[in-house]
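See structure below.
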Amino acid sequence: MDRSPAANRALYGSAYLGLSLGLILLHIMPTDIGPDGYPGPDLMLCVTFAWVLRRPQYVPTLLIAAVFLLTDILFMRPPGLWTALVVVAVEALRARESVLREQPVAVELGTVAAVLILLHLADWLLLLLFGVPQAQFGPVFLQAISTAVAYPMVVVLSRLVFKVQKMSPVEYDATRRGAR
Numbered sequence: 001m002d003r004s005p006a007a008n009r010a011l012y013g014s015a016y017l018g019l020s021l022g023l024i025l026l027h028i029m030p031t032d033i034g035p036d037g038y039p040g041p042d043l044m045l046c047v048t049f050a051w052v053l054r055r056p057q058y059v060p061t062l063l064i065a066a067v068f069l070l071t072d073i074l075f076m077r078p079p080g081l082w083t084a085l086v087v088v089a090v091e092a093l094r095a096r097e098s099v100l101r102e103q104p105v106a107v108e109l110g111t112v113a114a115v116l117i118l119l120h121l122a123d124w125l126l127l128l129l130f131g132v133p134q135a136q137f138g139p140v141f142l143q144a145i146s147t148a149v150a151y152p153m154v155v156v157l158s159r160l161v162f163k164v165q166k167m168s169p170v171e172y173d174a175t176r177r178g179a180r
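Its first residue numbered 1, the sequence shown is counted upward by one per residue in my numbering.
Listed below in structure tokens is the structure:
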């Protein structure tokens with residue numbers, strides 16, 4: 001049975017929120033499953049980018065901002081800095097979604113990897129500029145790389161588990177007509 005677009009947005013928005021809260025909980029639990037000294041991928045950022053590039057209407061900007069502001073507070077980062085950078089990156093990707101939809105997957109992966117590296121670099125430079133204690137650039141760069149490596153796996157899982165896939169041209173046209 002087909003759901004209305006508003007019901008889909010509400011359902012997938014709730015799924016995104018639930019998945020984000022689960023990833024936050026997993027992150028703050030006292031477990032040590034990764035190798036020592038190696039920063040793991042930011043899976044919430046991967047999920048956000050993957051869903052925005054496939055179904056931008058499912059993850060509204062305010063929901064993304066609220067989730068990442070919560071992570072800033074819980075992970076004891078400067079409140080709002082990472083959130084603002086992520087929102088800018090998401091909106092840049094959202095603006096390119098229609099172009100990336102028609103490109104091979106390698107172009108999407110390259111674009112996301114470049115955005116991830118620029119995002120982490122901007123965060124590191126802004127923290128350095130304002131004298132905020134932070135990690136050295138090496139681990140920050142490694143986290144950007146590990147997030148880029150994890151992105152294709154998150155895309156596949158999003159498609160298989162949550163059925164979040166790229167819009168067809170017909171769906172895109174219907175969405176554009178409905179937005180006017």
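No residue lacks a Cβ here, since even glycine has one placed at the ideal position from N, Cα and C. The structure presented is a predicted model; accordingly, all values stated were derived computationally and were not measured.
Review point. Residue ranges of each beta strand (DSSP E) run of no fewer than 3 residues wholly in the stretch 66–154, ordered along the chain?
Key: Within the stretch 66–154, complete beta strand (DSSP E) segments of at least 3 residues are not found at all.
Practice item. Classify Met44 as helix, strand or coil using the three-state DSSP reduction. Key: If DSSP states are grouped into helix, strand and coil, Met44 belongs with the helices.
Practice item. Below 7 Å CB to CB, which residues in the same chain sit around Phe162 once its five sequence neighbours on both sides are set aside? Key: For Phe162, where only same-chain residues beyond five positions count, the Cβ hits under 7 Å are Ala15.
Check your understanding: Hey, does Pro30 have any beta-carbon neighbour from chain C nearer than 8 Å?
Key -> No chain C appears in the structure shown, which is made up of a single protein chain.
Review point. Which whole-angstrom value is the C-beta distance of Ala50 and Val155, which I expect to be below 8 Å?
Key: Between Val155 and Ala50 the Cβ distance is about 5 Å, and since that is below 8 Å, they are a contact.
**Study point:** Among Leu43, Leu53 and Leu121, nearest to Pro139 - alpha-carbon criterion
**Key:** The option with the nearest alpha carbon to Pro139 is Leu121.
Check your understanding: If you count every other CB in all the chains shown that lies within 10 Å of the CB of Glu102, and 16 or more means buried, which is it?
Key -> Here Glu102 is exposed. Its C-beta has fewer than 16 other C-beta atoms within 10 Å.
Check your understanding: Do you know offhand how far Arg159's Cα is from His27's?
Key -> Rounded to whole angstroms, the gap between the alpha carbons of Arg159 and His27 is 23 Å.
Review point. Using 8 Å as the threshold, is the stretch 38–46 in touch with the stretch 140–148, meaning 3 or more CB pairs across them?
Key: In short, these stretches touch, since the Cβ pair count reaches three.
Check your understanding: How big is the Cα-Cα spacing for Leu142 and Ser98?
Key -> When the Cα atoms are used, Leu142 and Ser98 turn out to be separated by approximately 30 Å.
Check your understanding: Roughly how many angstroms lie between the CA atoms of Pro133 and Asp72, to the nearest whole one?
Key -> Their backbone Cα atoms lie some 15 Å apart in a straight line.
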